[in-house]
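As you go down the protein sequences, you meet chains A and B in turn. Residue numbers are given in the UniProt record's numbering: position 118 of the first sequence equals residue 118, and the series is strictly consecutive. Residue numbers are given in the UniProt record's numbering: position 78 of the second sequence equals residue 78, and the series is strictly consecutive. All C-beta atoms in this analysis are idealised placements derived from N, C-alpha and C, irrespective of residue type, glycine included. Written below as structure tokens is the structure these notes are about.
Protein chains: 2
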Amino acid sequence: MSVLVTGASGRVGRAVWVRLARTGPVAGLDRAPSSTAQWVGELDDEALLERALAGRQALVHTAALHAPQVGRVPDAEFERINVAATRRLLRCAAAAGVRQVVYTSTTALYGAASTPPGRAGWVDEDTPPAPRDVYHRSKLAAEAVLAEAASAHGLAVTVLRMSRCFPEPASAMAVYRLHRGVDARDVAAAHALALARPGPPGQVRCFVVSGATPFLPEDAPALWQDAAAVLRQRAPDLVAAFAARGWALPARIDRVYDPARARAVLGWAPRHGWDAVLRALDACSSEVLPPAWPAPSIPPASAAEPEPPGPPAAAA
Amino acid sequence: MSVLVTGASGRVGRAVWVRLARTGPVAGLDRAPSSTAQWVGELDDEALLERALAGRQALVHTAALHAPQVGRVPDAEFERINVAATRRLLRCAAAAGVRQVVYTSTTALYGAASTPPGRAGWVDEDTPPAPRDVYHRSKLAAEAVLAEAASAHGLAVTVLRMSRCFPEPASAMAVYRLHRGVDARDVAAAHALALARPGPPGQVRCFVVSGATPFLPEDAPALWQDAAAVLRQRAPDLVAAFAARGWALPARIDRVYDPARARAVLGWAPRHGWDAVLRALDACSSEVLPPAWPAPSIPPASAAEPEPPGPPAAAA
């Protein structure tokens with residue numbers, strides 16, 4: 001099965017490209033040139049889309065304007081790139097013979113519904129989206145475009161609503177992996193599984209794709225009132241690792257994205273949790289930021305030692 | 001010491017930001033928003049530069065148009081962004097009180113001088129550059145701008161000419177680490193050391209920043225004639241790992257970038273060699289691409305196993 005990946009120069013698109021390239025032919029398209037963008041250009045270049053889609057059986061559409069561009073580009077750009085270009089792309093894909101589409105959506109579109117007052121929100125595919133800004137609205141509108149295209153063209157469509165997946169300070173990022181963050185490699189694996197186990201033609205499936213959570217729905221009030229206490233109960237290894245590094249636990253956790261349906265239907269199992277974040281920090285990976293400076297638990301590197309030493313033994 | 005990093009959303013700029021943030025205050029500037037770009041905008045926005053530079057003692061300038069943009073944007077854009085914007089940035093930096101500058105340059109500017117006929121080139125800081133395209137010319141012109149600015153403003157300037165540092169097929173990337181490639185974390189460490197051990201005010205130092213090489217200058221003819229034989233002699237562990245994966249060795253190696261001066265003067269030691277490339281492949285990192293498909297040594301992932309298993313024992 002030959003796959004075209006849009007947004008192939010971005011963090012998620014590149015991870016998907018790398019994952020798919022292990023098992024079959026894949027090509028990438030992006031406005032920015034990179035090792036994984038065999039096709040370079042804009043999504044409104046229909047002739048480019050036709051060339052890039054020729055001979056493909058599947059499409060993974062990750063390209064979009066994202067949250068950081070809100071307020072930096074006119075709202076009309078979100079409509080143009082996230083919605084209108086998705087419609088054009090799907091039309092071209094169907095014309096080229098594509099049968100399967102995986103769309104990279106976002107848990108951000110749950111918006112206000114993620115955070116009910118007085119307790120942590122428990123968010124899954126049945127939670128009604130409540131978009132708050134043009135980014136959220138445009139991603140939800142694109143999902144509607146996908147539903148129309150699935151029906152019109154008989155495409156088997158999977159929508160993956162993914163949670164946070166960009167470099168953040170390690171102490172925050174590690175906790176997020178328990179309830180509202182995910183590793184790009186796990187996101188890529190979900191895309192690969194969605195292609196390997198497609199749903200029925202003409203229909204749209206939707207999955208939350210977020211890190212494995214140790215929390216249970218009944219933890220929702222306590223997560224809001226005293227998150228540290230819940231963490232001591234549900235994630236003692238993380239609590240010990242944070243203590244060894246001198247990091248504080250969060251006082252409050254306001255939401256949990258529950259990926260149970262992706263596990264059950266796709267067989268997806270997120271593998272890179274909070275411990276992977278700490279290992280990436282210790283390996284000086286650019287996929288994680290140091291805790292806010294000054295960071296007492298990361299020894300300053302001397303001039304003769306270009307990289308900090310490993311973590312304290314208790315945290316390894 | 002407070003540092004501004006330009007191009008902070010790019011691969012190298014982000015790695016530098018992450019490295020510097022471990023030991024002191026750092027801010028990033030980029031045209032693309034990201035976790036490491038506290039300032040978002042263009043290098044020709046002088047008011048933005050003034051705000052971003054206020055209170056900084058050092059500047060790391062990684063932002064540039066790169067090789068993949070050659071032919072995709074007009075040549076004048078290379079002059080505008082890589083040269084004119086560098087001149088403006090240095091003027092603003094000096095006015096803001098910056099005393100040290102590290103400039104991220106490229107071994108690409110050696111151009112034709114890298115590859116003499118009939119033997120591998122042995123390239124160090126004394127090799128005269130021989131640029132071939134507008135990218136090479138613009139980076140060399142920017143180095144000249146830095147020399148002028150060092151003299152005019154008393155800045156202590158370090159130029160780091162770095163080799164290949166982007167995702168490539170693992171089999172090629174691993175061999176490149178022996179002679180013409182480098183890990184972004186090692187590049188970042190070189191930037192940190194250049195700041196920690198500055199040269200004299202008003203002067204420019206230049207260093208080749210490339211992976212540790214096992215080759216010697218006298219290997220140059222044999223690298224060109226029979227690279228596999230030289231590899232068996234100088235890098236037997238890599239040869240064994242390639243054999244275990246069923247990968248072919250290269251027949252010819254055409255150049256070696258020698259980072260000896262960076263080792264001697266900065267105390268820099270590249271830590272992430274060919275074995276780090278193989279580990280990154282096995283970890284499904286997006287920093288390395290799978291070997292060309294079909295890749296017999298990477299087992300296809302089953303639908304129930306989102307990620308391939310580890311490497312064969314012999315290659316671990």
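Check your understanding: Which chain A residues are close to Glu-168 of chain B, counting only those with a beta carbon under 7 Å from its beta carbon?
Key -> Ser-35
Practice item. Let me know the secondary structure DSSP gives Phe-215 of chain A once reduced to three states. Key: Three-state result, Phe-215 of chain A: coil.
Check your understanding: How big is the Cα-Cα spacing for Trp-268 of chain A and Asp-124 of chain A?
Key -> Across the structure, Trp-268 of chain A and Asp-124 of chain A are spaced so that their CA atoms are roughly 15 Å apart.
Practice item. Mind checking which residues open and close the alpha helix (DSSP H) that includes Cys-92 of chain B? Key: 85 to 96
Practice item. Quick one: give me the first and last residue of the alpha helix (DSSP H) that Gly-28 of chain A is part of. Key: Element bounds for Gly-28 of chain A: not the alpha helix (DSSP H) but the beta strand (DSSP E), 26 to 30.
Check your understanding: Per DSSP, Arg-255 of chain B forms a beta bridge with which residues?
Key -> B:Gly-121
Point to revise | For Trp-17 of chain B: DSSP bridge partner residues | key: Answer by DSSP bridge pairing: none, since Trp-17 of chain B is not bridged.
Check your understanding: Any beta-carbon of chain A closer than 8 Å to the one on Leu-289 of chain B?
Key -> yes
Practice item. Please state whether DSSP places His-61 of chain B in a helix, a strand or coil. Key: strand
Review point. Going by other Cβ atoms of all chains shown within 10 Å of its Cβ, with 16 needed for buried, is Arg-252 of chain B buried or exposed?
Key: The residue is exposed, with fewer than 16 neighbouring Cβ atoms inside 10 Å.
Point to revise | the segment 72 to 80 of chain A / the segment 107 to 117 of chain A touching (three or more Cβ pairs under 8 Å) | key: no
Review point. Taking the C-alpha atoms as reference points, what is the distance between Ala-21 of chain B and Ala-52 of chain A?
Key: 40 Å
Review point. If you run the structure through DSSP and keep just helix, strand and coil, what is Phe-207 of chain B?
Key: strand
Point to revise | CB contact check: Gln-69 of chain B to chain A, cutoff 8 Å | key: yes
Check your understanding: Which of helix, strand or coil does DSSP assign to Trp-224 of chain A?
Key -> helix
Check your understanding: By how many angstroms is the C-alpha of Ala-85 of chain A removed from the C-alpha of Pro-74 of chain A?
Key -> 16 Å
Practice item. Return the bridge partner residues of Gln-100 of chain A from the DSSP annotation. Key: A:Ala-58, A:Ala-156
Check your understanding: Between the C-alpha atoms of Val-98 of chain B and Arg-56 of chain B, what's the straight-line distance to the nearest angstrom?
Key -> Spanning the alpha carbons of Val-98 of chain B and Arg-56 of chain B requires a straight line of approximately 6 Å.
Practice item. Compute the Euclidean distance between the alpha carbons of Arg-164 of chain A and His-153 of chain B, then round it to the nearest angstrom. Key: 44 Å
Exercise for review: Examine chain B for any beta-carbon lying closer than 8 Å to the beta-carbon of Cys-284 of chain A, and answer yes or no.
Suggested key: yes
Practice item. Hey, could you find the ends of the alpha helix (DSSP H) Val-239 of chain B is sitting in? Key: 236 to 245
Review point. Quick one: which chain A residues come within Cβ less than 8 Å of Arg-14 of chain B?
Key: Result: Pro-167, Ser-286.
Practice item. Just the chain A side, please: which residues come within less than 7 Å of Arg-72 of chain B by C-beta, in chain order? Key: The contacting residues are Pro-33, Val-40.
Review point. Counting contacts by CB-CB distance shorter than 8 Å, is Arg-19 of chain B in contact with chain A?
Key: Closer than 8 Å to the CB of Arg-19 of chain B there is at least one CB belonging to chain A.
**Study point:** Separation of Leu-49 of chain B from Gln-38 of chain B, as counted between CA atoms
**Key:** 12 Å
Check your understanding: Alpha carbon to alpha carbon, how far is residue 328 of chain B from Ala-120 of chain B?
Key -> Since the first residue shown for chain B is 1 and the last is 316, residue 328 of chain B is missing from the structure and cannot be characterised.
Check your understanding: CB Leu-231 of chain B to CB Leu-249 of chain B, shorter than 8 Å?
Key -> yes
Point to revise | Nearest neighbour of Val-175 of chain A, chosen from A:Thr-127, A:His-61, A:Ala-227 [CA to CA] | key: Of the listed residues, the one whose Cα sits closest to Val-175 of chain A is A:Ala-227.
Practice item. Could you tell me how far apart the beta carbons of Thr-127 of chain B and Leu-178 of chain B are, in whole angstroms, since I believe they sit closer than 8 Å? Key: That pair is no contact at about 18 Å.
Check your understanding: Would you say Ala-27 of chain B reaches chain A, if we count a Cβ-Cβ gap shorter than 8 Å as a contact?
Key -> no
Check your understanding: Does DSSP put Val-145 of chain A in a helix, in a strand, or in coil?
Key -> helix
Exercise for review: Taking C-beta pairs closer than 9 Å, name the residues in chain A that Pro-184 of chain B reaches, listed in chain order.
Suggested key: The sequence given here has Ala at residue 184 of chain B, not Pro. Ordered by position in chain A, the residues that pass the 9 Å Cβ test against Ala-184 of chain B are Ser-286.
Practice item. Please name the residue in B:Val-12, B:Trp-17, B:Thr-6 whose C-alpha comes closest to that of Ala-292 of chain A. Key: The residue with the shortest Cα to Cα distance from Ala-292 of chain A is B:Trp-17.
Exercise for review: Sort B:Pro-270, B:Leu-266, B:Pro-201, B:Ala-67 by Cα distance to Arg-137 of chain B and report the nearest one.
Suggested key: B:Ala-67
Review point. When the Cα of residue 333 of chain A is compared with those of A:Leu-289, A:Ser-105, A:Leu-146, A:Val-256, which residue comes out closest?
Key: Beyond the ends of chain A as shown, which are 1 and 316, falls residue 333 of chain A; an answer cannot be given.
Check your understanding: Residues of chain A with a CB under 8 Å from the CB of Arg-180 of chain B: which are they?
Key -> Near Arg-180 of chain B there are no residues of chain A at all, since even the closest Cβ is about 16 Å away, more than 8 Å.
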